[in-house]
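Down below is the structure, laid out as structure tokens.
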Amino acid sequence: PAAGKARIAARLKRSLPVRGPQAPTLSELMRWYCLNTNTHGCRRIVVSRGRLRRLLWILLTLSAVGLILWQCAELLLNYYSASVSVTVRFQNLPFPAVTICNINPYKYSSMKDYLSELDKETKKALETFYGFSEGKSKVRRSADEWNSTESDFFQQIPLLKFEDFSRTVTDLRSGQKRKIEGSVFHKDSSIVNSGDSNDIIGFQLCDANNSSECALYTFSSGVNAIQEWYKLHYMNIMAQIPLETKERLSYSADDLLLTCFFDGLSCDKRHFTRFHHPLHGNCYTFNSGKNGTILSTSTGGSEYGLQVVLYIDEADYNPFLVTSTGAKIMVHDQDEYPFIEDIGTEIETAAATSIGMHFTRSHKLSKPYSDCTETGADIPVENLYNKSYSLQICLHSCFQKAMVDSCGCAQYAQPLPAGAEYCNYKKNPNWMYCYYKLHEKFVKEQLGCQQICKDACSFKEWALTTSIAQWPSAVSEDWMLRVLSWDKGQKINKKLNKTDLANLMVFYKDLNERFISENPTNTLVILLSNFGGQLGLWMSCSVVCVIEIVEVFFIDSLSIVMRRQWQRTKKWWNNRKKDQSGKLPQAGDPERQGHDNPVCVDEDLPTFNTALRLPQASPLPRTPPPNYSTLRLESAFTEQLPDTLELGQR
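No gaps in the numbering here: position 417 of the sequence shown is 417 in my numbering, and each next residue is one more.
So, in structure tokens, the structure goes:
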């Protein structure tokens, strides 16, 4: 019985058409899928009669698939887009930090000992090139060793006068003409040229290790050329002066601040925090928050903001370093470093400057929505400023790091990295040439700093509106100057002049805080809903249908391909074994293909419905019944049976 059952099962396997995931060919699998799927278009392709109708359904189905792919691609591209929302709130606002610096960083009367040789060379250049003379210098020169060293330095990098855009120059020290070589970097200016328009002022920088490597820096304006040359030597001198000495040479809080009011109440120097800026000397920050307290204002308007009167002392300005008079201020957050030299606002003397503010907080989404950083921790640049991350901090820190790596010393205008020291000509004779070449690469974005540094995702901004009025007025000038002179009589040993004073007011125009934030336009739920809508609209498909497509077109199709490949490989291997054994294949041996393959044997018996579709075959041989005559009955017993007839005759 077991052997017969196995033969019956094998016979059914050979006769029963295999459908579904076990179909032997891809065409049968696709036909089975189209007949059983919930996507009506695929079913209509199979059951439609007539080539034209079937072709139309094929085109419609393929068009629907194309539209689905296009719409889903658009959904994916828009998934990482962001929408901007603006929220306005009215509340008590924290007052920002306000940093104030005198445009002149150090008192010229205190700096003359250090700048005497530089000033002498500058005056000589003015006399040589432009015929400017103010008589013999009365500068006191007490540091002979210092001046002799700097004199040698000026001799190596003198001011030059280029004639007719040629390489023939006049040396300011010797007055002789000579030919020079090197790459020319022309820094044009909108300022009207001094002297003959054909004459160009500049200077030459050479590599200390290779005198043939030189660069010529020229300027269309003699004013710009002399100022740039002066600042170059000025930074070299200041880098050699200790910080404590520079703080003493700059302005104190008592020197700079005359009067102070905030939110209608009097304030003084205790509300200001001093910090030393390399290019602006001693600066003072109001409401810096260093003591843990941040002041706020309860009402908008100029009467409830910060009001200070500054003493500028124009007579003690360095005539070659700065050409304007006044102060520089910057409004910033307590955790933000004040880049006065980059974005500071200048206020003028003999005027009342009113600065109204609008406060805005902004927050952008980070990756993948935008290329910004939350804290700067993912930026491979060390923060040298000990303040919260910003794009400017990153760029300045990156350049300073490149300066230390390339030139062996740090640039004077930026903070010192650990273990580095500021460049000066005594220890680093090649630093000027190195600095200018490196700065040229930085401007051309060849250092990689602009590629590394990113914008901050969160930042605070105070939009400023500035207005200026004449101050003090003609009718109040006399008594106001007398009172201010009396108040500061112990500090200022001369009569005040209105050109030495500046009145500053910083206040909120209103207490509306504007919060600008980015929010994802699409969430995962919305994305899946949109996908479902597209699939249902164009293909009447659901998630289960998508899983079915993946199973049939990827898993089952791959299985069929691998099964057929396995069959071919096994057939080739069997033929090879037979060839090696010398046995020819018998004609009666059936070829095992498809469901006959033992690898693909499925012990599941066919269902009743599928068995009904079996082809009609010849009936199997059965055991004949026993031939017992006594079991035969004649209908109606009308005639005598043959066996009884035979017995009767006997």
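Every residue gets a Cβ at the ideal spot worked out from N, C-alpha and C, and that includes glycine.
Secondary structure of residue i, DSSP reduced to three states
i, result
"Thr273", "strand"
"Asn224", "helix"
"Pro514", "The residue you asked about is not Pro; residue 514 is Arg in the sequence shown. Strand at Arg514."
"Gly588", "Below a pLDDT of 50, predicted positions are generally treated as unreliable, and Gly588, at 47, falls in that range; the measurement from the model is reported next regardless. Coil at Gly588, not helix or strand."
"Cys372", "strand"
"Ile329", "strand"
"Asn61", "Note that residue 61 is Thr in the sequence shown, not Asn. The answer is helix: DSSP assigns Thr61 an H, G or I state."
"Cys207", "Looking at the sequence shown, residue 207 is not Cys but Asp. In the structure shown, Asp207 sits in a strand (DSSP, three-state: E or B)."
"Gln565", "helix"
"Ser559", "helix"
"Phe132", "coil"
"Gln400", "helix"
"Ile547", "helix"
"Ser48", "coil"
"Lys577", "helix"
"Lys427", "coil"
"Gly202", "strand"
"Glu127", "helix"
"Phe219", "strand"
"Asn530", "helix"
"Gln414", "coil"
"Gln71", "helix"
"Thr39", "coil"
"Lys570", "helix"
"Glu121", "helix"
C-beta atoms of residue i and residue j nearer than 8 Å
i, j, result
"Asn428", "Gly408", "yes"
"Phe459", "Ser362", "yes"
"Ser557", "Thr39", "no"
"Ile68", "Gln565", "no"
"Pro54", "Ser48", "For the sequence presented, residue 54 should be read as Arg rather than Pro. Yes. Within cutoff."
"Tyr217", "Tyr436", "yes"
"Met357", "Tyr251", "no"
"Ser420", "Leu279", "First, the residue type needs correcting, since residue 420 is Ala and not Ser in the sequence shown. The answer is no: Cβ separation not under 8 Å."
"Leu464", "Ile355", "yes"
"Thr466", "Ala350", "no"
"Leu159", "Phe219", "no"
"Leu35", "Ile560", "no"
"Tyr108", "Ala239", "no"
"Phe215", "Asn430", "According to the sequence displayed, residue 215 carries Ala and not Phe. No."
"Phe531", "Trp462", "no"
"Lys290", "Thr273", "yes"
"Asn383", "Met111", "no"
Cβ shell of residue i (< 6 Å), same chain only, five flanking positions each side left out
i, result
"Asn236", "Asn424, Tyr425"
"Phe320", "Thr122, Tyr230"
Cβ shell of residue i (< 8 Å), same chain only, five flanking positions each side left out
i, result
"Ile452", "Ile379, Pro380, Val381, Cys394, Cys398"
"Phe442", "Phe399, Ala402, Cys449"
"Cys545", "Thr37, Asn38, Thr39, Leu535, Met539"
"Tyr385", "Tyr337, Ile393, His396, Ser397, Pro415"
Own chain, CB closer than 7 Å to residue i, minus 5 neighbours either side, in chain order
i, result
"Ile347", "Gly326, Ala327, Ile329, Thr353, Ala502, Leu504"
"Phe553", "none"
"Cys434", "Ser406, Cys407"
"Gln71", "Gln534"
"Asp335", "Lys387, Ser388"
"His277", "Cys101, Cys283, Ile340"
"Gly41", "Trp57, Leu60, Thr61, Ala64, Met539"
"Lys364", "Ser370, Cys372, Cys457, Glu518"
"Gly301", "Phe507"
"Asp333", "Pro96, Ala97, Lys460"
"Pro472", "Met480, Lys498"
"Glu477", "Lys498"
"Arg482", "none"
The stretch 328-348 contacting the stretch 385-401, beta-carbon criterion three pairs below 8 Å: Yes, they touch.
Uninterrupted alpha helix (DSSP H) stretches inside the stretch 447-483 (no shorter than 4 residues): For the stretch 447-483, whole alpha helix (DSSP H) runs of length 4 or above, ordered along the chain, are 449-452.
Report yes or no: do three or more beta-carbon pairs, one from the stretch 114-129 and one from the stretch 265-274, lie closer than 8 Å? With a cut-off of 8 Å, the stretch 265-274 and the stretch 114-129 do not count as touching, because too few Cβ pairs lie within range.
For the structure I just gave you, are there three or more beta carbon pairs, one from the stretch 305-316 and one from the stretch 240-260, closer than 8 Å? Because the criterion of three Cβ pairs below 8 Å is met, the stretch 305-316 and the stretch 240-260 touch.
Indicate whether the contact test is met: 3 or more Cβ pairs, each with one atom in the stretch 285-297 and one in the stretch 89-105, closer than 8 Å. Contact holds: three or more Cβ-Cβ distances are below 8 Å.
How do the stretch 71-80 and the stretch 100-114 stand: do at least 3 beta-carbon pairs fall below 8 Å, yes or no? no
Taking the runs of the alpha helix (DSSP H) that are 4 residues or longer, which of them lie wholly in the stretch 311-359? As far as the stretch 311-359 is concerned, its whole alpha helix (DSSP H) runs of at least 4 residues are 340-343.
Length-filtered (3 minimum) beta strand (DSSP E) runs lying within the stretch 224-303: 257-262, 272-277, 281-286, all fully within the stretch 224-303.
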